[in-house]
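**Student:**
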Amino acid sequence: MYQSTFTRHKTREVAIGNVVVGGDNPIVVQSMTTPDTHLVDQVVKQIHRLEEAGCEVVRVTVPKPEDAHALTDIKKQIKIPLICDIHFDYKMALAALDHPIDKIRINPGNIGGLDRFKQVVQKAKDKGIPMRIGVNAGSLEKEFAMKYGYPCPPAMVDSALRYIEVAESLGYHDIIISLKSSDVITVVEAYRLYAKQANYPTHVGVTEAGKPPYAVTKSACGLAPILLDGIGDTIRISLLGDPVPEIAAAFDILQATQRRVRKPELIACPTCGRLEIDLEGIIAQLEKRLEGRKTPVKISVLGCVVNGPGEAKEADLGIAAGKGKGVIFKRGEMIRHVQEHEMVDALMEEIAIWEAEEAEKGTLKPGVPMFKTDSRNQARRTARGVHQRDPRWAVIAEAERYLIQRGDAGVAE
Ligand code: SF4
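Using the numbering used here, read the sequence shown as starting at 2 and increasing by one per residue.
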């Protein structure tokens with residue numbers, strides 16, 4: 002059987018409050034608040050909405066002394082770790098570190114030089130607070146940009162490595178690195194280059210991605226190559242406006258790349274003139290009934306016999322439909338015939354049984370990366386002739402025969 006070649010970038014572990022990032026820990030989803038930080042009620046209200054959406058660490062900006070003063074108050078009223086975001090004024094970093102925060106984010110390109118950076122590192126070290134060294138292409142120090150002529154990935158990585166070296170010289174290792182740009186290719190190349198040279202965990206994202214839905218697609222384009230290279234320990238999807246939709250977008254990207262699967266995966270065909278059932282209606286009902294379920298079960302529902310049996314067989318559970326009826330597969334085996342009106346109920350019953358069986362085996366682990374699809378996709382890419390020699394192919398052929406009998410289904414290929 003095909004084995005995935007996926008390996009995760011080996012990093013240290015860094016604790017942000019009670020959330021540990023890096024190492025083998027799940028990738029953590031974060032977001033950032035939008036009201037002025039000193040408007041405590043508004044900030045806390047937004048953080049509560051973010052918490053409800055699944056946000057795991059939250060960042061607030063600290064540009065003014067009154068924002069720093071609000072940090073203790075905010076921290077008292079929220080459940081998730083609190084990060085302070087500092088640009089330009091190192092004194093704001095020093096002020097923020099007097100409060101019970103869980104991490105500080107510094108932009109080395111605009112903090113005002115190495116001496117100031119060292120003061121912040123020393124205080125963070127004394128207080129036991131971790132730091133993100135957040136390099137941004139848009140605010141890279143001149144010396145690095147000039148060395149390469151423009152703020153390219155090697156220049157960004159040089160900057161990050163320089164500040165890592167300075168922090169290490171002070172005996173400080175609670176570091177997380179980000180190398181953000183609004184340019185997808187720059188982001189991908191910067192993180193890949195960094196991962197070859199250092200082992201501090203990374204916060205990943207495409208910065209200033211803009212307005213959804215394009216911003217979500219752009220973020221996915223930038224993050225997928227990084228995540229599939231095993232890079233990334235915390236993630237933020239930067240969307241214009243209300244930050245709450247960032248959380249669902251982040252989890253969807255993690256789910257699609259199989260870096261953190263925490264809900265059922267529904268596979269459905271786009272439908273076409275061969276469609277034999279009300280697929281949209283069935284998927285809508287399934288989505289509703291699966292809402293809130295955290296099981297990492299892969300469910301395939303396809304509208305006709307062309308790809309239905311093959312996909313259903315490759316999923317954990319699947320329905321291959323014919324005209325007004327279908328065949329349910331579980332773990333590659335055909336287990337039951339159903340009429341169209343019974344499909345949703347039957348699948349829900351089978352999902353419950355599948356969950357109980359997996360729980361019994363100790364293999365039901367929501368939130369843990371699954372890489373099964375790699376092998377399945379690889380199998381599908383294998384020459385059809387090889388499939389046909391595989392005894393399991395007989396199961397698909399049997400389902401096709403059942404669905405096609407009496408001319409009920411369309412012609413298979
Ligand atoms: S599975 Fe069948 S109905 Fe769905 S898109 Fe493919 S050919 Fe069309």
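Glycine is no exception: its CB is placed at the ideal position from the N, C-alpha and C atoms.
1. Provide the residue span of the alpha helix (DSSP H) that contains Ile75, from first to last.
2. Here's the rule: buried if 16 or more other CB atoms are within 10 angstroms of the residue's CB, otherwise exposed. What is Pro265?
3. Within the same chain, show all residues whose beta-carbon is closer than 8 Å to that of Ile102, passing over the 5 residues directly before and after it, in chain order.
4. Should Leu415 be listed as close to the ligand SF4, given that the test is whether its C-beta is under 6 Å from any heavy atom?
5. With distances taken from CA atoms, which of Gln340, Val207, Arg193 and Pro109 is nearest Arg237?
6. Does Val15 come out as helix, strand or coil in the three-state DSSP assignment?
7. Can you say whether Gln389 is buried or exposed, counting buried as having 16 or more other CB atoms within 10 angstroms of its CB?
8. Leaving out the 5 sequence neighbours to the left and right, which residues in its chain are closer than 6 Å to Arg301 when beta-carbon positions are compared?
9. Going along the chain, which residues of its own chain have a beta-carbon closer than 6 Å to the beta-carbon of Pro152, five neighbours each way excluded?
10. In its own chain, which residues sit with a C-beta less than 7 Å from the C-beta of Cys245, not counting the 5 before and 5 after it?
11. Does the contact criterion of 3 or more C-beta pairs under 8 Å hold for the region 270-277 versus the region 23-37?
12. For Pro271, is the beta carbon positioned less than 6 Å from some heavy atom of the ligand SF4?
13. Excluding the 5 residues flanking Arg385 on each side, which residues of the same chain have their C-beta closer than 7 Å to its C-beta?
14. With H, G and I counted as helix, E and B as strand and the rest as coil, what does DSSP make of Cys222?
15. Looking only at its own chain, which residues have a Cβ that is under 7 Å from the Cβ of Leu98, when we skip the five neighbours before and after it?
16. Please state the DSSP three-state secondary structure of Gln259.
17. For His100, count neighbouring C-beta atoms within 10 Å of its own C-beta (all shown protein chains included) and say buried if the count is 16 or more, exposed if not.
18. Give a yes or no on whether the C-beta atoms belonging to Ser32 and Glu209 are separated by under 7 Å.
19. When you compare the CB of Thr218 with every CB in chain B, is at least one pair closer than 7 Å?
20. Hey, would you say Ala168 sits closer than 7 Å to Val122, going by beta carbons?
21. Assign Gly323 to buried or exposed, taking buried as 16 or more other Cβ atoms, counted over all protein chains shown, within 10 Å of its Cβ.
22. Give the secondary structure of Asn378 by DSSP, where H, G and I count as helix, E and B as strand, and everything else as coil.
23. According to DSSP, simplified to helix, strand and coil, what is Ala410?
24. Taking the alpha-carbon positions, what's the Ile48 to Asp234 distance?
25. Going by C-alpha distance, which of Lys212, Ala321, Ala347 and Gly293 is nearest Val1?
26. In the structure shown, what three-state DSSP assignment does His342 receive?
27. Ordered along the chain, which non-local residues of its own chain (more than five positions away) have a Cβ less than 6 Å from that of Asp159?
28. Ala216: buried (16+ other C-beta within 10 angstroms of its C-beta) or exposed?
29. Can you tell me the Cα-Cα spacing of Cys222 and Leu240, whole angstroms?
30. Grab the span of the beta strand (DSSP E) containing Phe330 for me, first residue to last.
31. Can you grab the Cα-Cα spacing for the pair Asp230 / Thr8, in whole Å?
32. Just to confirm, does Cys85 get its C-beta within under 6 Å of one of the non-hydrogen atoms of the ligand SF4?
33. Enumerated in chain order, which unbroken segments of the alpha helix (DSSP H) with a length of 4 residues or greater are wholly contained in the region 68-144?
34. Note down the Cα distance separating Ile112 from His88, rounded to an integer number of angstroms.
35. Looking only at C-alpha atoms, which of Leu348, Gln198 and Ala251 sits nearest to Lys11?
36. Which residue from Gly282, Arg332, Ile165 and Asp116 puts its Cα closest to that of Lys299?
**Tutor:** Reading it off the structure:
1. Leu72 to Lys77 is the span of the alpha helix (DSSP H), which, as asked, contains Ile75.
2. Buried, by the Cβ-count rule.
3. Here the set comprises Leu72, Lys76, Leu83, Ile84, Cys85 and Ile130.
4. Nothing can be reported for residue 415: it is not among the residues displayed for the chain, which extend from 2 to 414.
5. That would be Val207, whose Cα lies nearest to the Cα of Arg237.
6. Strand, per DSSP.
7. Bear in mind that the predicted position of Gln389 carries a pLDDT of just 45, short of 50, making it unreliable; the figure below should be weighed with that in mind. Gln389 should be labelled exposed.
8. Checking the displayed sequence, the identity of residue 301 turns out to be Ser instead of Arg. So the qualifying residues of the chain are Ile268, Glu312, Ala313, Ala316 and Gly319.
9. Cβ within range, chain order: Ala138, Leu141 and Ala146.
10. For clarity, residue 245 is Val in the given sequence; the question names Cys instead. Cβ neighbours of Val245 beyond the five flanking positions: Arg50, Leu51 and Ala54.
11. Contact between the region 270-277 and the region 23-37 is absent: fewer than three C-beta pairs spanning the two stretches fall below 8 Å.
12. It does: the Cβ of Pro271 is within 6 Å (strictly closer) of some heavy atom of the ligand SF4.
13. Because Arg385 sits at a pLDDT of 39, beneath the cut-off of 50, its placement in the model cannot be relied upon, and the point is left open.
14. In this structure, Cys222 counts as helix in the three-state DSSP scheme.
15. Excluding sequence neighbours, Leu98 sits near Ile105, Lys124, Ala125, Lys128 and Ile130.
16. Assignment of Gln259 by DSSP, reduced to helix, strand and coil, places it in the coil class.
17. Classification for His100: buried.
18. In terms of Cβ geometry, Ser32 and Glu209 do not form a close pair [threshold 7 Å].
19. Checking the listed chains, one finds no chain B in this structure; it contains a single protein chain.
20. Yes, these two residues count as a Cβ contact at 7 Å.
21. Classified as buried, Gly323 has 16 or more neighbouring CB atoms from the shown chains inside 10 Å of its CB.
22. Note that Asn378 has pLDDT 39, beneath the 50 cutoff, so the model's placement of it is unreliable and no number is given.
23. Only weak support exists for where Ala410 lies, its pLDDT of 41 falling under 50; the coordinates are left without a value.
24. Rounded to the nearest angstrom, the gap between the Cα atoms of Ile48 and Asp234 is 21 Å.
25. No answer is possible for residue 1: it lies beyond the span of the chain, which begins at 2 and ends at 414.
26. Secondary structure at His342: helix, using DSSP grouped into helix, strand and coil.
27. Only Phe145 meet the Cβ criterion.
28. The Cβ neighbour count for Ala216, taken over all protein chains shown within 10 Å, is at least 16; the residue is labelled buried.
29. For Cys222 and Leu240, the gap between their C-alpha atoms comes out near 14 Å.
30. Phe330 -> beta strand (DSSP E) spans Lys326 to Lys331.
31. Within the model, the alpha-carbon separation for Asp230 versus Thr8 is close to 7 Å.
32. False, no ligand heavy atom lies under 6 Å from that Cβ.
33. Taking only runs of at least 4 residues, the alpha helix (DSSP H) segments lying wholly in the region 68-144 are 72-77, 91-97 and 115-128.
34. One C-alpha to the other measures close to 6 Å.
35. Measuring from the Cα of Lys11, the nearest candidate turns out to be Gln198.
36. Checked all of Gly282, Arg332, Ile165 and Asp116; the closest Cα to Lys299 is Arg332.
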